[in-house]
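Undergrad:
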Amino acid sequence: MWRKPKHIEFLWDVLFLAMTSFGGVQVHIALFLKKLVKEKAYLTEDELFEIQALCSFLPGPTSTQMITAIGFKRGGANLAYLTLMAWITPAVFVMTLAAFGMTYLRNRDVIQFVTPVGIGLILQAGWIMAKKFLRAPMYILIFLFTLFTGLYIQSPFIFPLLLLIGGLISSLNFKDFPRQNKHKMIIPWANFHLFWGFAVFLALLGHFTDYFPIRIFENFYRNGSLVFGGGQVLVPVLYTEFVEFKHLIREDDFLTGMTLSQTLPGPVFALTSYLGVLLMKDFGIIGELAGSVIGALGIFLPGTFLIFFVYRIWGQLKQYRFIRASLPGIQSVSVGLTIVAVYTFIHPMILQANYIGFGIILVSFLVAQMTKLPPIALFLIALLAGVIVS
1 MWRKPKHIEF LWDVLFLAMT SFGGVQVHIA LFLKKLVKEK AYLTEDELFE IQALCSFLPG
61 PTSTQMITAI GFKRGGANLA YLTLMAWITP AVFVMTLAAF GMTYLRNRDV IQFVTPVGIG
121 LILQAGWIMA KKFLRAPMYI LIFLFTLFTG LYIQSPFIFP LLLLIGGLIS SLNFKDFPRQ
181 NKHKMIIPWA NFHLFWGFAV FLALLGHFTD YFPIRIFENF YRNGSLVFGG GQVLVPVLYT
241 EFVEFKHLIR EDDFLTGMTL SQTLPGPVFA LTSYLGVLLM KDFGIIGELA GSVIGALGIF
301 LPGTFLIFFV YRIWGQLKQY RFIRASLPGI QSVSVGLTIV AVYTFIHPMI LQANYIGFGI
361 ILVSFLVAQM TKLPPIALFL IALLAGVIVS
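Start counting the sequence shown at 1; every next residue gets the next number (UniProt numbering).
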């Protein structure tokens, strides 16, 4: 049922997060935990991390799928679609403007302190997850295996593989979980058929018509269907396709958009709106605006179709003990991947002996852990410091 006042409040909170969630998926999870769980109690910690575990298995933008699933949980498909729009619109709008000439943010000195703040928040999220999930020797071993594997094997395909391994190992403990009355599974296949059917349709349509907007729509949709690991994995994939292989976008234009997308709050996948405008530059202003829409729809649609399909059957899947038993292992892997992300971000700081960055990370972690100061305040302080220094 549509509970209008509560749903409007929820959408305002999603919009607030969309305009204040700097950083990638790990930062977004930390902010979802703080805003949606601890402050507003829209769902519990267990429910949030369960959704995270589920979305981690799917290709596409993990934080976008998570926030969409939360919207679905609270108000069904209608609220989920509105949640998706509230989450992606601010970043898509700014990235579209950027493609029309907003290049002043090439000066990375302005945002030099934002990344350490984000790392501090990721670290705090990892700390919370570790305390919650690493409570038995098996889960600690899964965490350590994930940590060392993730550090030594740099591949986007390792993420879903580690999640699968962690889930399988943990599922061996299924006898520790109580039996539930099982009901016949009813699987609504519509969104799954949309997911693969749309991919086939676009590929065939692009091949036979050779119409450029259709072909780039297919390119974005294909990448959104296959990329695991979030924006940090999507960026090199798009660079290889549009800059190195097809030579449709200049390197400096791509790097400007990449820098801006990683500076802005909201989903990093919104970079595709910027690229869509550049790809459609020969089609006039209307064509460029259409390119922005093509980029956004192409990259976000497949993940949306998948989360709508999977989340609808998730409640039914949980009636099986081995599914419930697999979740702690998946969550232990998530803790390991979070720490891997922290190391990935701080590695350049280690090479540069950036002691100021390390100090900001530590202060951000302690402030987030020990006070109720909202994360946006930390980001604004970091931005202000960057403006002053630059």
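We put the beta carbon where it would ideally sit given N, CA and C, even for glycine.
1. Among Ile67, Val293 and Ala190, whose alpha-carbon lies nearest the alpha-carbon of serine 21?
2. Looking only at its own chain, which residues have a Cβ that is under 6 Å from the Cβ of asparagine 173, when we skip the five neighbours before and after it?
3. Per DSSP, phenylalanine 22 forms a beta bridge with which residues?
4. Helix, strand or coil for phenylalanine 195 per DSSP?
5. Assuming contact is defined by CB atoms lying nearer than 8 Å, are lysine 131 and proline 375 in contact in what I supplied?
6. Beta-carbon within less than 7 Å of phenylalanine 217's beta-carbon, same chain only, minus the 5 sequence neighbours each way: which residues are those?
7. Output needed for threonine 62: all residues of its chain with C-beta closer than 7 Å, excluding positions within five of it in sequence on either side, in chain order.
8. Taking only the alpha-carbon atoms, compute the straight-line gap between leucine 248 and methionine 280 and give it to the nearest angstrom.
9. Label glycine 76 either buried or exposed according to how many other C-beta atoms from any shown protein chain fall within 10 Å of its C-beta, with 16 as the threshold for buried.
10. Cα separation between glycine 224 and serine 364?
11. At the level of alpha carbons, what is the spacing between valine 277 and phenylalanine 308?
12. With H, G and I counted as helix, E and B as strand and the rest as coil, what does DSSP make of aspartate 210?
13. Within 10 angstroms of the Cβ of leucine 31, are there 16 or more other Cβ atoms? Answer buried if so, exposed if not.
14. When the Cβ atoms of the segment 327-336 are set against those of the segment 160-179, are three or more pairs found closer than 8 Å?
15. Where does threonine 96 land, buried or exposed, given buried means 16+ other C-beta within 10 angstroms?
16. How many angstroms separate the CA atom of valine 117 from the CA atom of methionine 349?
17. Can you tell me the Cα-Cα spacing of serine 261 and proline 267, whole angstroms?
18. Do three or more CB pairs link the segment 310-323 to the segment 146-163 at distances below 8 Å?
TA: Straight from the coordinates:
1. Taking the Cα of serine 21 as reference, the smallest distance to any Cα among Ile67, Val293 and Ala190 is reached at Ile67.
2. Once the five neighbours on either side are set aside, the close Cβ partners of asparagine 173 are Ala325.
3. Phenylalanine 22 is bridged by DSSP to Pro265.
4. The three-state reading of DSSP puts phenylalanine 195 in helix, counting H, G and I together.
5. No.
6. Counting only Cβ-Cβ distances below 7 Å, and skipping sequence neighbours, we find Leu202, Ile294 and Gly298.
7. Answer for threonine 62: Val25, Cys55, Ser56 and Gly230, listed in chain order.
8. Rounded to the nearest angstrom, the gap between the Cα atoms of leucine 248 and methionine 280 is 10 Å.
9. Label assigned to glycine 76: exposed.
10. Near 32 Å, if we compare the C-alpha coordinates of serine 364 and glycine 224.
11. Their Cα atoms are separated by approximately 28 Å.
12. Under the three-state reduction of DSSP, aspartate 210 is assigned to coil, being neither helix nor strand.
13. Per the 10 Å Cβ criterion, buried.
14. The segment 327-336 is in contact with the segment 160-179.
15. Threonine 96 is classed as buried because its beta carbon has at least 16 other beta carbons within 10 Å across all chains shown.
16. If I take the Cα positions, the gap works out to 13 Å.
17. Straight-line measurement puts the Cα of proline 267 at about 8 Å from the Cα of serine 261.
18. With the cut-off at 8 Å, the segment 310-323 and the segment 146-163 do not touch.
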